[in-house]
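Novice: Sharing a structure here in structure tokens format.
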Ligand SMILES: [Zn+2]
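Residue numbers (my numbering): 124 to 262.
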């Protein structure tokens, strides 16, 4: 637990939230700045800022909880689909530095979420190969 972390305070019920699902290791809450109706955040109860710090057990727990919440979203709200978004670090757009998965029910073209509608265009194969090799060397 991190004292100044808003999600840790929600986990510990020091700050109220619309709690949707909860198990031993995970908590799902309604996003109070919803991108679409039914936007839910799923987080581990243990504090970890990003994917890079999350324990394997919490990764499994949070993704299993996300699946349950996604099934409930499909059943209750019947969206066309659900986007799963997870941001790591301020540069990536992460606002609360406690790992969380966004479940965003979608009904395009009605919701017209521009950042989820990127253009698919072929990349430079040489550059892709070079970058892939660079990443592989880091293991
Ligand atoms: Zn936290």
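Think of the CB as a built atom: it goes at the ideal place given N, C-alpha and C, for glycine as much as any other residue.
Would you list the residues sitting across from residue 160 in a DSSP beta bridge?
Specialist: Sequence index remark: in the chain shown, residue 160 carries index 37 (1-based). Partner(s): none; residue 160 has no beta bridge.
Novice: Mapping DSSP to helix, strand and coil, what is residue 224?
Specialist: Taking the chain shown and counting its residues from 1, the one referred to as residue 224 is at position 101. In this structure, residue 224 counts as strand in the three-state DSSP scheme.
Novice: Rounding to the nearest angstrom, what Cα-Cα distance links residue 162 and residue 214 in this structure?
Specialist: Start at 1 with the first residue of the chain shown, and residue 162 comes out as number 39. Start at 1 with the first residue of the chain shown, and residue 214 comes out as number 91. In a straight line, the C-alpha of residue 162 is about 22 Å away from that of residue 214.
Novice: In terms of alpha-carbon separation, which member of 160, 174 and 211 lies closest to residue 199?
Specialist: Here residue 199 refers to the residue found at position 76 of the chain shown. The option with the nearest alpha carbon to residue 199 is 160.
Novice: Compute the minimum distance between the beta carbon of residue 134 and the heavy atoms of ligand 1, and state whether it is under 8 Å.
Specialist: Position 11 of the chain shown, counted from the first residue, corresponds to residue 134. It does: the Cβ of residue 134 is within 8 Å (strictly closer) of some heavy atom of ligand 1.
Novice: What are the partner residues of residue 205, as DSSP defines its beta bridges?
Specialist: Position 82 of the chain shown, counted from the start, is the residue given in the question as residue 205. BP columns for residue 205 point to 228.
Novice: What I want to know is whether the C-beta of residue 189 ends up closer than 8 Å to one or more non-hydrogen atoms of ligand 1.
Specialist: Stepping through the chain shown from its first residue, residue 189 is reached at position 66. It does not: the Cβ of residue 189 is nowhere closer than 8 Å to a heavy atom of ligand 1.
Novice: Rounded to a whole number of angstroms, what is the C-alpha to C-alpha distance between residue 137 and residue 237?
Specialist: Stepping through the chain shown from its first residue, residue 137 is reached at position 14. Stepping through the chain shown from its first residue, residue 237 is reached at position 114. Approximately 35 Å, taken between the alpha carbons.
Novice: How about residue 167 and residue 142: do their beta carbons lie closer than 9 Å?
Specialist: By one-based count along the chain shown, residue 167 stands at place 44. By one-based count along the chain shown, residue 142 stands at place 19. Contact: no.
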